[in-house]
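To keep things clear, I will list the structure first and then write my remarks on it.
Residue numbers (mature numbering (1 follows the signal peptide of the UniProt record, and there is no 0)): -16 to -1, 1 to 438.
Next up, the structure:
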């Protein structure tokens, strides 16, 4: 439904050039709140940019990108790889960086414009909730301009911007997953109390066991393939520490005092966070430049005797398993952030959102003329921070940039792209900080007894 609403609202709101708050909805989509439609359309802009970036790194696209005047072969400022220009390697890299740079600039602009908007009565709220055609043209204009940015130090500097932004977005993803698990658990427990108790509790038990089983299987595979007897000391520490930390947060989530203060906490949330932590651990180890400690998934599946097949000259492995999984998680979290309406006070505080208020999707039915409209539900106060939402999309664009390029940095010595240890430490430290944040959501009611967390 989210994708349908995004597509329909974009098409219909493009005709509302004046951008009034209650935009028309296509008849194929249900009526809903204006705040939800707005977030979906901005998310659609991000997903559209992501799709363009993916197309730019597909095999064979380098031939078309090379035709851009001055972008590679004919330019005066070039990336030199192995004392020569290898356009087949750098054009995809440069294209993704410039596309994501344009999206980051777009969302940063609206992040600044929407600071401290309190309700839809603010004149800036009309800009937030309308003018879609002009916003799309602004994004296109920034994108075109980004492809004329001289190389110089741009790619290296933007790489480190991407690492910092991705670090923060990984934490945001974990917060969204915590919120999703809380909502999932609360919904199914509520249905179990209403009737058919065995069915709903069996469902919760099944997914909890499934997530823990997948996480445990991942740990076993890590110890088998990402550790060498005489090498890979960092990996041994990463796997062991994250396994211990996940066991600790799982035990804490079911302690009697925590259950008393946080009745909605449980092993379902902990199992999902454990599985996500193992993914981040895997993603970090996959960026280790020590190829002996970083076997390719293709080599593992085919039982190859070569644990780290070397890329052929001029070849860049844009896609790998951890990148595809990261893209799927990104898509889920982006859409969930656009439609979420959480009752979890701590998550709402972290995500700068409030409980749903105003008209609901059911109340926002067709008008007397039969036309479906997105109803304004923020006259008394916004349901989410406009500025923070754009900041999250800015971070998401940086995360997508790093994911699609596998966190690679151009190698000035060899004719290829290379992984870097800073990328490894950024990912693994984000997993540790993420577990600390989840632990805080469990113990905060016990420490801050004078605050209401209901």
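The C-beta atom is built at its ideal place from N, Cα and C for all residues, glycine as well.
ask   = residue 212 by DSSP, collapsed to three states: which one?
value = If DSSP states are grouped into helix, strand and coil, residue 212 belongs with the strands.
request  = Ignore the nearest five residues each way along the sequence and tell me which others in residue 143's own chain have a CB closer than 7 Å to its CB.
outcome  = So the qualifying residues of the chain are 393.
query = Taking the continuous alpha helix (DSSP H) assigned at residue 30, which residues delimit it?
reply = Element bounds for residue 30: 18 to 40.
query = Where does the unbroken alpha helix (DSSP H) through residue 241 begin, and where does it stop?
reply = Its alpha helix (DSSP H) spans residues 240 to 245.
ask   = Can you give the Cα-Cα distance for residue 110 and residue 98, rounded to whole angstroms?
value = Spanning the two alpha carbons is a distance of roughly 11 Å.
message = Do residue 258 and residue 207 count as a contact pair if the criterion is CB distance below 9 Å?
response = No.
task = Return the chain-ordered ranges of every alpha helix (DSSP H) run that is complete within the region 127 to 170 and spans a minimum of 4 residues.
result = Whole alpha helix (DSSP H) segments, 4+ residues: zero.
request  = For residue 434, count neighbouring Cβ atoms within 10 angstroms of its own Cβ and tell me buried if that reaches 16, exposed if not.
outcome  = Exposed, since its Cβ has fewer than 16 Cβ neighbours within 10 Å.
Three-state secondary structure assigned by DSSP to residue 434 = Here residue 434 sits in coil by DSSP.
task = For residue 425, count neighbouring Cβ atoms within 10 angstroms of its own Cβ and tell me buried if that reaches 16, exposed if not.
result = Residue 425 is buried by the Cβ-count criterion.
request  = Give me the Cα-Cα distance between residue 378 and residue 100, rounded to the nearest whole angstrom.
outcome  = Distance between the alpha carbons of residue 378 and residue 100 is about 18 Å.
query = Ends of the alpha helix (DSSP H) at residue 258?
reply = Note, residue 258: alpha helix (DSSP H), 251 to 269.
query = Counting along the chain, where does the alpha helix (DSSP H) carrying residue 278 start and finish?
reply = Bounds of any alpha helix (DSSP H) do not take in residue 278, whose DSSP letter is neither H nor E.
query = What does residue 77 pair with, by DSSP beta-bridge criteria?
reply = Paired residue(s): none; residue 77 is not in a bridge.
ask   = Skipping 5 residues on each side, what residues in its chain have a beta carbon closer than 8 Å to that of residue 123?
value = Only 29, 33, 86, 87 and 90 meet the Cβ criterion.
request  = Below 6 Å CB to CB, which residues in the same chain sit around residue 383 once its five sequence neighbours on both sides are set aside?
outcome  = In the same chain as residue 383, and ignoring 5 residues on each side of it, the C-beta atoms closer than 6 Å to its own belong to 150 and 153, in chain order.
query = Hey, residue 417 and residue 236 are a contact pair by Cβ (cut 8 Å); roughly how many whole angstroms apart?
reply = The Cβ separation is near 17 Å, so there is no contact.
key: Own chain, CB closer than 7 Å to residue 321, minus 5 neighbours either side, in chain order   = Setting aside the 5 residues that flank it on each side, residue 321 is surrounded in the same chain by 160 and 376, each with a C-beta closer than 7 Å to its C-beta; the list follows chain order.
ask   = Which residues mark the beginning and the end of the alpha helix (DSSP H) in which residue 112 is found?
value = Segment 107 to 113, the alpha helix (DSSP H) holding residue 112.
query = Does the separation of the CB atoms of residue 406 and residue 245 fall below 9 Å?
reply = Not in contact: residue 406 and residue 245 (Cβ atoms no closer than 9 Å).
Buried versus exposed, by CB contacts within 10 Å (16 or more), residue 400 = Interpretation of residue 400 is limited by its pLDDT of 47, a score under 50 that renders its predicted location unreliable; the figure taken from the coordinates is listed afterwards. When all chains shown are included, residue 400 counts as buried.
ask   = Distance, Cα to Cα, residue 158 vs residue 37?
value = Residue 158 and residue 37: Cα-Cα distance of roughly 24 Å.
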